[in-house]
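Read top to bottom, the protein sequences are chains V and U.
If you read the first sequence in our numbering, its first letter stands for residue 563, the second for the next number, and so on.
If you read the second sequence in our numbering, its first letter stands for residue 144, the second for the next number, and so on.
Positions of the beta carbon are idealized from the N, C-alpha and C atoms, including for glycine.
Computed from a prediction, not measured in an experiment: that's the story for all the values here.
This report concerns only the one structure given below.
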Amino acid sequence: QKEVEQNSGPLSVPEGAIASLNCTYSDRGSQSFFWYRQYSGKSPELIMFIYSNGDKEDGRFTAQLNKASQYVSLLIRDSQPSDSATYLCAVTLALQKLVFGTGTRLLVSP
Amino acid sequence: ETGVTQTPRHLVMGMTNKKSLKCEQHLGHNAMYWYKQSAKKPLELMFVYSLEERVENNSVPSRFSPECPNSSHLFLHLHTLQPEDSALYLCASSLGLAGGHGELFFGEGSRLTVL
Chain V
563 QKEVEQNSGP LSVPEGAIAS LNCTYSDRGS QSFFWYRQYS GKSPELIMFI YSNGDKEDGR
623 FTAQLNKASQ YVSLLIRDSQ PSDSATYLCA VTLALQKLVF GTGTRLLVSP
Chain U
144 ETGVTQTPRH LVMGMTNKKS LKCEQHLGHN AMYWYKQSAK KPLELMFVYS LEERVENNSV
204 PSRFSPECPN SSHLFLHLHT LQPEDSALYL CASSLGLAGG HGELFFGEGS RLTVL
């Protein structure tokens with residue numbers, strides 16, 4: 563089992579819709595969870611982090627964490643073509659090791 | 144300049160060449176990282192330095208040799224590489240070690256092609 567798993571996509575959504583990106587992780591002891599966005603040809607940039615169960619909202623982005631199910635998701639409301647990118651989930655495993663998933667490619671069509 | 148800068152942005156080298164990648168951070172951070180990004184693979188941590196001391200080396204082949212002369216600069220020395228080493232090499236920094244609550248700030252990357 564991979565330490566951090568994401569569907570590679572592409573996930574295609576129309577402009578204005580809600581995009582839902584999912585990530586599962588293997589280590590029940592994980593404490594910190596991050597979402598990075600990577601545009602094609604660019605480097606990753608952090609857009610959200612979450613440490614506690616539940617939802618965390620920042621503008622059009624909502625991160626959701628369910629530690630019992632070992633599941634973290636990112637919701638993007640009112641998706642825009644400029645949101646088209648690869649979204650990387652990263653999780654802090656035991657011994658403070660930060661591990662990335664392979665990323666989900668999101669395509670938002672006008 | 145601000146943020147994390149990497150040079151060169153693109154590098155083509157033969158298997159017998161020796162080259163170096165350079166990274167500089169202007170954020171006052173204490174930790175610096177080298178990551179390798181290959182197509183369809185997760186970001187792969189190569190080396191971590193905290194306050195100029197190497198704290199992690201993820202079983203990276205010895206043909207990759209890191210150097211951290213101070214908390215603002217990080218180098219990756221390359222020699223006798225293999226074609227499978229062709230990838231995007233990303234430098235990152237964080238205020239503390241990113242395993243905790245640290246946010247990683249990435250450079251734009253050095254695209255390496257080994258012929």
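Give the list of continuous beta strand (DSSP E) stretches no shorter than 3 residues that lie fully inside the segment 569-625 of chain V.
573-576, 581-587, 595-600, 607-612, 616-620
What is the C-beta distance between Leu231(U) and Gly252(U), in whole angstroms, given that I count them as a contact (C-beta under 8 Å)?
5 Å
So Phe218(U) and Lys165(U) are supposed to be a Cβ contact under 8 Å. How far apart are they, rounded?
6 Å
Mind pulling the chain V residues with CB within less than 7 Å of Leu233(U)?
Ser605
CA-CA distance, Trp177(U) and Phe207(U)?
11 Å
Same chain, Cβ closer than 8 Å to Glu195(U), five either side skipped, listed in chain order
Cys211, Pro212, Asn213, Ser214
Under 9 Å between C-beta atoms, does His244(U) make it to chain V?
Confidence in His244(U) is poor, its pLDDT being 49 and thus under 50, which makes the residue's placement unreliable; the coordinate value appears in the next sentence. With 9 Å as the cut-off, His244(U) counts as an interface residue toward chain V.
Contact set for Ser181(U): own chain, Cβ-Cβ below 7 Å, skip 5 residues either direction:
When the five nearest sequence neighbours on each side are left out, the beta carbons in the same chain lying within less than 7 Å of the beta carbon of Ser181(U) are those of Ala230, in order along the chain.
Beta carbon of Tyr649(V) nearer than 9 Å to that of Leu583(V)
yes
Secondary structure of Pro185(U), DSSP reduced to three states:
Residue state, collapsed to three classes: coil.
Where do the N-terminal and C-terminal ends of the beta strand (DSSP E) with Arg639(V) fall, by residue?
Unbroken run through Arg639(V): none, as it is neither H nor E.
Spell out whether any CB of chain V is found under 9 Å from the CB atom of Leu186(U).
yes
May I ask you to list the residues that DSSP assigns as paired with Ser644(V)?
Answer by DSSP bridge pairing: none, since Ser644(V) is not bridged.
Tell me the DSSP secondary structure of Pro226(U) in three-state form.
helix
Looking at the structure shown, is Ser236(U) part of a helix, part of a strand, or coil, going by DSSP?
strand
By DSSP, does Thr664(V) sit in helix, in strand, or in coil?
coil
Looking at chain V, is there any beta carbon in it that lies within less than 9 Å of the beta carbon of Gly252(U)?
At least one chain V Cβ lies under 9 Å of Gly252(U).
Given this structure, state the Cα-to-Cα distance separating Leu221(U) from Met158(U), to the nearest angstrom.
10 Å
Cβ shell of Pro151(U) (< 7 Å), same chain only, five flanking positions each side left out
Ser253
Within the continuous beta strand (DSSP E) that includes Gln149(U), where are the two ends?
In the DSSP assignment, Gln149(U) falls within the beta strand (DSSP E) that extends over 147-150.
Of all the options Ser592(V), Ile580(V), Glu577(V), Pro672(V), which has the alpha carbon lying nearest to the alpha carbon of Ser614(V)?
Ser592(V)
Let me know the secondary structure DSSP gives Glu172(U) once reduced to three states.
In the sequence as presented, Glu is not what sits at residue 172(U); that position holds His. His172(U) falls in the coil class under three-state DSSP.
Would you please verify whether the beta carbon of Gly663(V) is less than 9 Å from any beta carbon of chain U?
Flagged as an interface residue toward chain U: Gly663(V), by a C-beta distance shorter than 9 Å.
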